[in-house]
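Heads up, the thing below is written out as C-alpha cells.
Numbering (the working numbering), first residue to last: 69 to 484.
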C-alpha cells in the first residue's frame with residue numbers, strides 16, 4: 069500500500085513539475101518576471117535588521133554600531149551628497165550611491181524610494197550596511213566595474229570561521245572569500261561612476277604587505293580573542309568596528325623622520341614621510357578626503373614663529389574643468405598627490421630662523437583633515453548633523469605627532 073502511495077505521489081509530483089515548466093516556457097516574459105517578483109521574500113525578511121542579530125551576537129553588534137559602516141546612510145555628509153547627486157545626475161533614485169551605502173537595493177531595486185524616504189526622515193530605521201548586507205554575500209565577480217556581489221538570500225550566513233557552531237537561527241558556512249581582500253574591494257576599489265577615473269586603492273596587489281599574505285581584514289578587522297555568539301566559548305574572532313580613520317590602526321598608517329638644519333638666518337626642515345599601508349593614503353573617496361601635514365615652529369617664549377600646511381589628496385574635475393569635492397560629478401583628475409601604497413616621500417620646508425630665541429620647537433603633525441568643500445555644502449552638512457560642528461565629519465583625527473627642541477645658541481656660537 070505504501071509503495072502505491074509513494075508511486076502515486078511521485079507521478080503527481082512529476083506531472084506538476086512538467087506542467088509548471090510548460091507554463092513557464094509558454095508564458096510571456098513579462099508574466100514570468102512578474103511571477104518571480106511576487107515570489108520574492110519581503111526585503112525585511114531577506115535582509116534581516118542587525119537588531120535581530122544582536123540577540124545572539126551582542127559583542128559584534130556593539131562593535132559594528134560604533135563603526136562608520138553602521139552610519140552608511142545616517143551620516144550628514146552622505147545625506148547631503150545623495151541629495152546633490154540625485155538633483156544633478158538625473159538618477160532620482162540614487163542607485164549609484166545605494167549600490168554600496170545600502171547594497172540591499174542590488175536585489176530589491178524597487179525599494180530605493182523606500183530608502184530615500186527613510187533618509188529624508190532624518191532617522192532611518194533600515195540598515196544601510198549591516199550584518200545581512202555583508203554576510204549574505206556568496207561570491208564576488210571581480211570582472212565587473214565595480215566588482216559585483218552575488219547574494220544568497222536564504223537561511224545561510226557566510227563567514228570566515230572554519231568551524232562555525234551549529235545553531236537554530238541560521239546555517240553557517242565558511243568560505244575563503246571572507247578572508248580575502250577581493251571581498252572588500254566590492255565597494256572600496258572603484259567609483260561606480262566615470263570608468264576613466266583611477267581606482268581608489270592604487271596598486272595594492274603589488275605591495276609587500278599583500279605579497280606577505282596580509283589582506284584588508286588583517287588591519288581593518290584585526291584578530292582578537294572572545295566570543296562570536298553570546299555564551300559561546302572564547303576563540304579567535306574578527307573585530308567588527310572596522311578601524312581606519314577612527315581607531316588605533318591609524319597610528320600605524322605612517323612613519324615620519326625629521327631632520328632640521330639651521331643655516332644662519334634661514335632654517336630647513338626635511339620630513340621623510342613613509343606610508344605603511346598597502347593602499348592610497350588617504351583613499352580619495354569621498355572627494356573631500358585629505359591628509360594634512362603641518363609644520364609649526366615655536367620661537368621665543370613659545371610663540372609661533374612659522375607655520376605651513378600641505379595636503380595629500382586627489383582633486384577631481386568636472387567636464388567644465390572646475391574642481392569639485394563630489395566625485396560623482398568628476399570626469400577627470402586635476403591633481404593627485406595622495407601617498408601611493410607604501411610610498412616614501414620627502415617634504416622640504418624652508419623658513420626664517422626665529423630671532424632672539426635660545427631655541428626653537430619643531431613640531432610635525434599628520435592628521436586626517438576635517439570635511440571641506442564649497443561653503444554652502446559644508447554649512448548644510450553642519451545644519452543636517454545632529455551635533456553640528458561637533459559631528460565626526462568636522463573632527464581632525466591625528467595620525468602622528470613629532471616634536472623636537474633645537475638649540476639655536478650653539479649654532480650661533482659655532483657660526484661665530
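For glycine and all other residues, C-beta sits at the position ideal for the given N, C-alpha and C.
Test item: CB-CB of residue i and residue j under 9 Å
{"i": "residue 255", "j": "residue 350", "result": "no"}
{"i": "residue 136", "j": "residue 312", "result": "yes"}
{"i": "residue 277", "j": "residue 346", "result": "yes"}
{"i": "residue 385", "j": "residue 402", "result": "yes"}
{"i": "residue 217", "j": "residue 174", "result": "yes"}
{"i": "residue 187", "j": "residue 245", "result": "no"}
{"i": "residue 200", "j": "residue 114", "result": "yes"}
{"i": "residue 308", "j": "residue 128", "result": "yes"}
{"i": "residue 363", "j": "residue 425", "result": "no"}
{"i": "residue 429", "j": "residue 370", "result": "yes"}
{"i": "residue 490", "j": "residue 394", "result": "It is not possible to answer for residue 490, since the shown part of the chain is limited to 69 through 484."}
{"i": "residue 410", "j": "residue 275", "result": "yes"}
{"i": "residue 154", "j": "residue 161", "result": "yes"}
{"i": "residue 467", "j": "residue 322", "result": "yes"}
{"i": "residue 400", "j": "residue 264", "result": "yes"}
{"i": "residue 326", "j": "residue 472", "result": "yes"}
{"i": "residue 355", "j": "residue 297", "result": "no"}
Straight-line Cα distance separating residue j from residue i
{"i": "residue 461", "j": "residue 310", "result": "17 Å"}
{"i": "residue 259", "j": "residue 166", "result": "12 Å"}
{"i": "residue 414", "j": "residue 159", "result": "43 Å"}
{"i": "residue 423", "j": "residue 338", "result": "21 Å"}
{"i": "residue 89", "j": "residue 183", "result": "Model confidence at residue 89 stands at a pLDDT of 32, short of 50, so the residue's coordinates are unreliable; what they give is reported in the following sentence. Taking the straight line joining both Cα atoms gives about 36 Å."}
{"i": "residue 420", "j": "residue 357", "result": "32 Å"}
{"i": "residue 440", "j": "residue 446", "result": "6 Å"}
{"i": "residue 85", "j": "residue 108", "result": "The predicted position of residue 85 is uncertain, since its pLDDT is 34 and thus under 50; no value can be drawn from it."}
{"i": "residue 208", "j": "residue 287", "result": "21 Å"}
{"i": "residue 304", "j": "residue 131", "result": "16 Å"}
{"i": "residue 220", "j": "residue 178", "result": "18 Å"}
{"i": "residue 302", "j": "residue 289", "result": "17 Å"}
{"i": "residue 203", "j": "residue 291", "result": "18 Å"}
{"i": "residue 100", "j": "residue 299", "result": "Any reading at residue 100 must be qualified, since the residue scores a pLDDT of 40, below 50, and its modelled position is unreliable; no value is offered."}
{"i": "residue 118", "j": "residue 185", "result": "20 Å"}
{"i": "residue 459", "j": "residue 404", "result": "27 Å"}
{"i": "residue 376", "j": "residue 365", "result": "9 Å"}
{"i": "residue 372", "j": "residue 361", "result": "17 Å"}
{"i": "residue 412", "j": "residue 396", "result": "30 Å"}
{"i": "residue 163", "j": "residue 215", "result": "15 Å"}
{"i": "residue 341", "j": "residue 279", "result": "22 Å"}
{"i": "residue 456", "j": "residue 142", "result": "14 Å"}
{"i": "residue 374", "j": "residue 168", "result": "43 Å"}
{"i": "residue 344", "j": "residue 266", "result": "21 Å"}
{"i": "residue 324", "j": "residue 231", "result": "42 Å"}
{"i": "residue 273", "j": "residue 438", "result": "29 Å"}
{"i": "residue 387", "j": "residue 348", "result": "25 Å"}
{"i": "residue 110", "j": "residue 463", "result": "39 Å"}
{"i": "residue 210", "j": "residue 314", "result": "28 Å"}
Local Cβ density within 10 Å of residue i, reported as buried at 16 or more and exposed below that
{"i": "residue 367", "result": "buried"}
{"i": "residue 449", "result": "buried"}
{"i": "residue 474", "result": "buried"}
{"i": "residue 469", "result": "exposed"}
{"i": "residue 392", "result": "buried"}
{"i": "residue 191", "result": "exposed"}
{"i": "residue 180", "result": "buried"}
{"i": "residue 293", "result": "exposed"}
{"i": "residue 359", "result": "buried"}
{"i": "residue 213", "result": "exposed"}
{"i": "residue 112", "result": "exposed"}
{"i": "residue 236", "result": "exposed"}
{"i": "residue 189", "result": "exposed"}
{"i": "residue 389", "result": "exposed"}
{"i": "residue 353", "result": "buried"}
{"i": "residue 257", "result": "buried"}
Near the ligand COA: residue i beta-carbon under 8 Å from a heavy atom
{"i": "residue 333", "result": "This structure lacks the ligand COA; in fact it carries no ligand of any kind."}
Integer Cβ distance of residue i from residue j, believed to fall under 8 Å
{"i": "residue 295", "j": "residue 418", "result": "In fact, because the Cβ distance is near 56 Å, the residues do not count as touching under 8 Å."}
{"i": "residue 427", "j": "residue 306", "result": "About 48 Å; that fails the 8 Å criterion."}
Give a yes or no on contact between the stretch 194-206 and the stretch 129-148, applying the rule of three or more CB pairs nearer than 8 Å.
Yes, they touch.
Could you tell me whether the stretch 429-445 touches the stretch 363-381, where touching means 3 or more Cβ pairs closer than 8 Å?
In short, these stretches touch, since the Cβ pair count reaches three.
Under 8 Å, with one C-beta from each stretch per pair, do the stretch 235-251 and the stretch 279-296 reach the 3-pair mark?
Segments in contact, yes.
When you compare the stretch 326-340 with the stretch 121-131, are there three or more beta-carbon pairs, one atom per stretch, that lie closer than 8 Å?
No, the stretch 326-340 does not touch the stretch 121-131.
Between the stretch 235-243 and the stretch 211-224, can you find at least three pairs of beta-carbon atoms closer than 8 Å?
Yes: at least three Cβ pairs fall under 8 Å.
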